[in-house]
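Read in full-length UniProt numbering, the sequence shown has 309 at position 309, and its numbers run on one by one without any break. No residue lacks a Cβ here, since even glycine has one placed at the ideal position from N, Cα and C. Okay, structure first, notes after.
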Amino acid sequence: MEIPRGDGDSNAKLLNGRFRFSSFLSFLNGTKLPGVSFFYAFACGVACAITETNMKKILLASCVSLASNTHAFSAEELQLNEVVVTSNRFDENTTTPRSNVRVISKQEIMNSPAISIPDILRMQAGVNVRSLYGNQGIDAGVDMRGFGESATGNVLILLDGQRLNPVDGGSLQWASIPLQSIERIELLSGDGTVLYGDRATGGVINLITNKSGKPAAALTGTLGSYGYKAADGYVAGSSGDLYFNTFIHSADANGWRQNSGFNQWSLSGRAGLCANDQDSFIDYAIYRSENGLPSSISSAMYRDQPRSARTPFDSQTKEGYRIRPGTNIKISDRLEFAAEFAISNMKTHFNNVSFNSTSARDADTYALTPRFKWSHGLANLESVSVLGYDYYRGLVNADYHGGYANGKATQESNAIYWHNDTALTPHLSLSSGVRYQATDQKAAQDAYAPFAMPAVTGKKTNYNDAYDLGLNYHEEHWSIYGKTGSSFRLATTDELFGSDPITFQPLFFGNIIKPQTAKTFEIGTTFKSQDWDGRLAVYRANIHNEIGYDGNLGVNTNFDPTRHQGVEAELGWKPSATLHSKLSYTYTEAKFTRGNYQGETIPLVPRDMLRAQVNWQSPGYGQYVGQINYVGERFVSGDYANTLNKMPSYTTVDLRASWNIQAIQLSLVAQNLTDKKYAPYGIYSTSQNDYYYFPADGRSFYLSMRYDFK
């Protein structure tokens, strides 16, 4: 095994479907130009979604057009690039990754106008990012496939395959992961429960870090709007069988809004020994972040003073570490073993000056994840099977420093899983998998005399299973797939607490809230030719006992059945070696199918999202990237009855220009170039009879200089 050495509101008419283009589609289908057949399928999918035609017609349009025009791009000579994916929890080099796995490459990340990981994600089809406190992604939530406010419990975030989602349902500390350390990002929409466990109903986002030991070093300095200053460093090297890399990030800013300033730093990396057929390593990270909490503002303040703060002195501090030793052993040509043992801790301190109180949370997580990969030929069919065991233990202690009842909670899970990919023919493969998981949850809350609250304790054990089954037919430059599966989601430890709606006394809700379950169906197609590439996915998820907070009841609860369905489409065009463009469209329909809210849309879920990006690399004149992000109207948080005003749609424009001068790279980034005023998140207060919003940052610029040591 070698040492890793990888290199390092005119739009409204369109989006409301108030036009006809059947003749245009017919024209497209009649052409035999490479890539146009996929655009025809793309347009049919969009048209069907906009007019809310049933899902079968979308499948028919995409499949027929693909089949009738396959020769348009299969006749071309094209050298496909090999990519690395971890879709079965082992790294694999392949030119044909699973069709439902999307990979954001290192090059795409570095060429993007993004300055944070949530920035990268918000430009992907099917992903909706809601940042509360600016474009640094502080406390940002990521939604996939329309879960709105409960997205953090339905989208699983991984770092090199290890879960990052806290067991209490809190936000992720994105700043603990330097953007420059990310080698690639893998997105599995509506997939991942079998391999990774609960909270993956919407999808899985796997952040893969740079593990290279190739000797290199770089320094980057950045200055930006509103007092932004940042420094990033990277160093890597090897000696014999030993290798290492280290990333360091430091940044601070005053912030666009009052009391939205921050100060953050992080240090992370890997050290390893790679000899013969074994790679043993230890991943590490330490971080600290402090930021203001300006909170939401009233509709009048949002209209007249969007940069103001309702809580001008509140703040939070987060600090923690991650340590993960692991090994990967190639036992034979057909058998491989990998295992990691991870320990992490995060301490959060809240200084709520507005309420004259402070509080703290201390969260610990332990994980053990051994697994085997076996390449075999049972029944004379080439197969790859993965068998693994996952152990996770999370502990949370909440201390309100006398202002409320203290609490603590523990979640411990044991799971076994099996996943298999079998080549039925050279072009047709079958994937299948099962998972069985047992989870123990315990929670306790102290008595609190000022409110005459008694102490509460409780525990609950859940036994859950999940499966997936899929077929994938692939030719050299295109593929089509279909899959079905099940998933489950348990209450977070915070959701284990509630109160009696009559006496308002605290209750343990672990025996009241049932596990959320889902059945998912998806079909899709991908293709890649010399000048075109694209992806189309159509899905439906029927969910029972969806877990969320109902403000009308004032408790966390199981909602009546819901249905999440939609279309995710991407189309890329490369007319020349120096010009590349990408267009993506997402249609999401997330509605209640029974109960008091039957037919109503889940709040905070936009029906339409549209993204476009153009990348021009001019020899001798630099590289220029422009992108547009459109997010449609959404109901405000908590408006399950759909009776309140919608949050308006918005469109933002971002630009990036970069120039290479020998070992120096200069880059200039402009975010929200048109200075659009919008709010990713809003809520209605019944007590104040008013809407409250979290405004997004206005126009901002960032100038960076990177020096690569040779």
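Buried/exposed call for residue i, threshold 16 Cβ in 10 Å
i    : result
S332 : exposed
D191 : buried
P294 : buried
Q441 : buried
Q598 : exposed
R594 : exposed
E475 : exposed
I661 : exposed
N210 : buried
N276 : exposed
G620 : exposed
Y693 : buried
D143 : buried
A452 : exposed
Whether residue i touches residue j by CB criterion (8 Å)
i           : j    : result
I182        : I117 : yes
L172        : L164 : yes
W174        : G137 : yes
E434        : Q445 : Note on residue identity: the sequence assigns Val, not Glu, to residue 434. Not closer than 8 Å, so no.
G213        : F244 : yes
T193        : S487 : yes
T525        : I480 : yes
residue 795 : L158 : Because the chain is modelled from 1 through 710, residue 795 falls outside the range shown and cannot be assessed.
S296        : R310 : yes
S413        : G197 : yes
D654        : Q623 : no
E186        : N206 : yes
Y321        : S344 : yes
Y678        : L644 : no
P506        : L553 : no
V669        : I120 : no
A537        : N100 : yes
I504        : L496 : It should be pointed out that residue 504 corresponds to Phe in this sequence rather than to Ile. Cβ distance not < 8 Å, so F504 and L496 don't count as in contact.
residue 711 : L469 : Coverage of the chain is limited to positions 1 through 710, which leaves residue 711 absent and any answer about it impossible.
E319        : R288 : yes
A443        : A405 : no
Y640        : D697 : no
Alpha carbon of residue i to alpha carbon of residue j, nearest angstrom
i    : j    : result
F701 : Q671 : 6 Å
G402 : P450 : 10 Å
K459 : T651 : 47 Å
G377 : R334 : 10 Å
T327 : L430 : 29 Å
Y392 : N420 : 23 Å
S439 : W532 : It should be noted that the sequence gives Thr, not Ser, for residue 439. Using only the alpha carbons, I get a separation of about 46 Å.
I664 : A367 : 41 Å
G566 : G202 : 12 Å
A12  : L610 : Because A12 sits at a pLDDT of 37, beneath the cut-off of 50, its placement in the model cannot be relied upon, and the following sentence gives the value as read from the coordinates. The alpha-carbon atoms of A12 and L610 are separated by roughly 11 Å.
L703 : D675 : 18 Å
G233 : H249 : 7 Å
V396 : G240 : 42 Å
N259 : D139 : 15 Å
A339 : L156 : 20 Å
F709 : T220 : 11 Å
E108 : Q617 : 13 Å
Y467 : K373 : 19 Å
P606 : S150 : 14 Å
P34  : P113 : For P34, the predicted model reports a pLDDT of 37, less than 50, meaning its position is unreliable; a value from the coordinates is still stated below. One C-alpha to the other measures close to 30 Å.
S667 : D279 : 37 Å
R257 : Y473 : 51 Å
D364 : G394 : 6 Å
G407 : A379 : 55 Å
N596 : V636 : 18 Å
G482 : T422 : 15 Å
S432 : L471 : 9 Å
Rounded distance between the beta-carbons of residue j and residue i, thought under 8 Å
i    : j    : result
P695 : Y302 : 6 Å
P561 : G148 : No, P561 and G148 are not in contact; Cβ-Cβ is about 16 Å, not under 8 Å.
S359 : D399 : 7 Å
Q411 : V167 : 4 Å
Q316 : F350 : 5 Å
S383 : W418 : At roughly 12 Å, the Cβ-Cβ gap does not stay under 8 Å, so S383 and W418 are not in contact.
I329 : I282 : At roughly 16 Å, the Cβ-Cβ gap does not stay under 8 Å, so I329 and I282 are not in contact.
Proximity test, Cβ basis, 8 Å: residue i and chain C
i    : result
G698 : The structure shown contains no chain C; it holds only a single protein chain.
For this session: Evaluate the contact criterion for the stretch 506-524 versus the stretch 570-577: three or more CB pairs, one atom per stretch, below 8 Å.
Result: no
For this session: Please confirm if the stretch 527-545 is in contact with the stretch 502-518, defined as three or more CB-CB distances below 8 Å between the two stretches.
Result: yes
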